[in-house]
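Chains as they are written, first to last, in this note's numbering: chain A, 170 to 507; chain B, 170 to 507. To keep things clear, I will list the structure first and then write my remarks on it.
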């Protein structure tokens, strides 16, 4: 069976210049897959010129002239841009034309539109954003990354259930280790919401490991870390900031004098190795979970390689039927609790 | 005039082994300063053996046998450990024997005891924890770092006023640039508390620069960043975690084979340069501000160099009379608002 994925070709900082070549590169190595590219047909076709015959036959172009801007308020995008490439991508998932959609566009708009069009499964209070980030021993999946700034303890538990299910079925880990992000590991730390959440996690069926602090995110001792969208976004962005800062410091120190430039040349393989370990491109693609459909958000600044990783993530979700598993797990939990 | 600083000699992971030599090293280079070392006198004297005559005369030992453990709940430390080295250090500030105290002990206990013993200035709702962290162009001071997990918009404004005053008088920046940490830079981002705080900052006398996201903390475009203690702690700890992670990746890559080990030797000055730029030891010492007295919290794992930086920070606060300035600024603001 051919899996179909809708791509918001206009989304992100580079639009079709990145999204179209990324789509072609994925088609070249993946069978049983087709893409619907949504956006300005002239721009899309310009970047489709290099497509080989086997890829061309698995690409469909859906013309739209409207675009959601990066600074459009989500409500504005939802109400006023019903023919935008982002909206059409989500609509195609709703009507069954595509099994997933991928966008590098405005995160708030993508969340609002996906929530409105696809809806969450019954019993799921809010969708969440989940993404893996690198650790010493591999990676850990962190949620929520910014969709929900105020969360109840019950919301956090639901994120834990959804995140555990997501990791179980996308990474084939039988019983993912789940932790709560807190500002200390002792039970007395944190606010009332997090303390109550800890009790809920403790009495749930989750493989709950307790609290982790911000610095332990990168230790790799757990598979899923749960927090509200404010803390999650701060942790993710601060990590990106430090990573760029250290890379900048390395470049500056290697440029200080002639001898250091030479040592920089000699150390090139090392620097490439380090960069590969922390390359955010291979982690690109955050999943909006809890929805009745698969939606993947790519980083706005994604290049072709990064966007192709986001496309592959959509395919992994489709193949493993992740939304249904989340639905089943949440309903089962609700029945137990009821 | 001789400034006197009380040191919780037993605090931190290493106790007198670190705190005493650090005190001696500071005395060697600083006149008009004396220390009161509080803790087990035998252990302290053992590490005082190396003290030169000029230092010895400026050291006083105050014997206590009780110690606040790192895992003591703050309330327990406050009620049950009135003769602990940590408590006595704070008491000596209260009774005027010392002008500041420094501890590498239990943060929650230090905050609870300092708050109870020293009290905040009238009009100051809660004390906050502030510390500089390195940026591309120097450093930025971040508060609150964990003392207050739930904050109102008004609390955040007060942190802004206290943080701005702290930076003005410790770093002699006339009108520090202040920003709010948020999960986006657009006005629509964040929760109600942060949006309302933004309006308060906007109409305050602060040199308010708007929102910054987690990755922009390290850009160095502002002098003070305000957030609640949960977000601040997550940002700080996540940054530490990433920094350790990248340093680990560098070490691993440099060890991969013989050629890489050689390139590592050649790149030693570069790595030292990078390490110096991000060395957390030179930033050690977070100030508890808003209190009627100077209290500095050192990192628990501080070594001698790191602890000496925390001691110097206490001296800078004393010399610049920081608590009084914070009191004046907050009262002046309250009068304007009243």
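Don't be surprised by glycine CBs; every beta carbon is placed ideally from N, CA and C.
Proximity of residue 405 of chain B to chain A, defined by a Cβ-Cβ separation below 8 angstroms, is satisfied. When DSSP states are grouped into helix, strand and coil, residue 378 of chain B belongs to the strand group. Contiguous alpha helix (DSSP H) elements confined to the stretch 246–313 of chain A occur at 254–263, 276–287, taking only those with 4 or more residues.
Listed in chain order, the non-local C-beta contacts of residue 338 of chain A below 8 angstroms within the same chain comprise 489, 490, 491, 494, local neighbours out to five positions each way being set aside. Boundaries of the alpha helix (DSSP H) harbouring residue 446 of chain B: 437–447, taken from the DSSP string.
When 7 angstroms is used as the limit between beta carbons, residue 422 of chain A is near these residues of chain B: 439, 442, 443, in chain order.
Note that the stretch 335–350 of chain B touches the stretch 365–383 of chain B; at least 3 beta-carbon pairs, one per stretch, sit closer than 8 angstroms.
Neighbourhood of residue 315 of chain B in chain A, by CB distance below 7 angstroms: 352, in chain order. Among the residues of chain B, those whose CB is under 8 angstroms from the CB of residue 384 of chain A are 406, 407, 409, 410, 413, following chain order. For a Cβ distance threshold of 7 angstroms, residue set 305 of chain A lies close to residue 417 of chain B, ordered along the chain. Shown here, residue 227 of chain A sits in coil according to DSSP, grouped into three states, outside any helix or strand. Among the residues facing chain A, residue 275 of chain B is not included, as its CB has no counterpart in that chain under 8 angstroms away. Per DSSP, the unbroken alpha helix (DSSP H) holding residue 402 of chain A starts and ends at 398–423. Judged by beta-carbon spacing, residue 281 of chain A lies within the 8 angstroms limit of residue 246 of chain A, meaning their Cβ atoms are closer than that value.
Proximity of chain B to residue 332 of chain A at the Cβ level (cut-off 9 angstroms) is not reached, the minimal Cβ distance being about 17 angstroms. Between residue 483 of chain A and residue 450 of chain A, the C-beta spacing is not below 8 angstroms. If you check the CB distance, residue 411 of chain A and residue 387 of chain B come in under 8 angstroms.
DSSP places residue 173 of chain B in the uninterrupted beta strand (DSSP E) bounded by 172–177. Chain order gives the chain B residues near residue 447 of chain A as 415, 418, where near means a beta carbon separation below 7 angstroms. Judged by pairs of C-beta atoms under 8 angstroms, the stretch 213–232 of chain A does not touch the stretch 427–442 of chain A, as fewer than three such pairs exist. The criterion of a C-beta distance shorter than 8 angstroms is satisfied by residue 287 of chain B and residue 262 of chain B.
Counting along the chain, residue 315 of chain A sits inside no beta strand (DSSP E), nor does DSSP assign it H or E at all. Using a CB distance cut-off of 8 angstroms, residue 400 of chain A counts as an interface residue toward chain B. Taking C-alpha positions only, residue 295 of chain A is separated from residue 285 of chain A by approximately 11 angstroms.
Residue environment analysis places residue 222 of chain B among the exposed positions, since fewer than 16 neighbouring C-beta atoms fall within 10 angstroms of its C-beta. Looking at the DSSP output, residue 184 of chain B sits in no beta bridge, so it has no partner there. Secondary structure of residue 213 of chain B (DSSP, three-state): helix.
Nearest CB-CB separation between residue 370 of chain A and chain B: not below the 8 angstroms threshold. For residue 463 of chain B, DSSP records a beta bridge to B:269. Using beta-carbon distances, residue 387 of chain A counts as an interface residue toward chain B, with a partner under 8 angstroms. Between residue 359 of chain A and chain B, the shortest Cβ-Cβ separation is below 8 angstroms.
Residue pairing by DSSP places residue 232 of chain A opposite A:208 in a beta bridge. DSSP, read as helix, strand or coil, puts residue 220 of chain A in coil.
Taking every protein chain shown into account, the CB of residue 252 of chain B has fewer than 16 other CB atoms within 10 angstroms, so this residue is exposed. Among the residues of chain B, none has a CB under 7 angstroms from the CB of residue 392 of chain A; the nearest is roughly 17 angstroms distant. Residue environment analysis places residue 218 of chain A among the exposed positions, since fewer than 16 neighbouring C-beta atoms fall within 10 angstroms of its C-beta.
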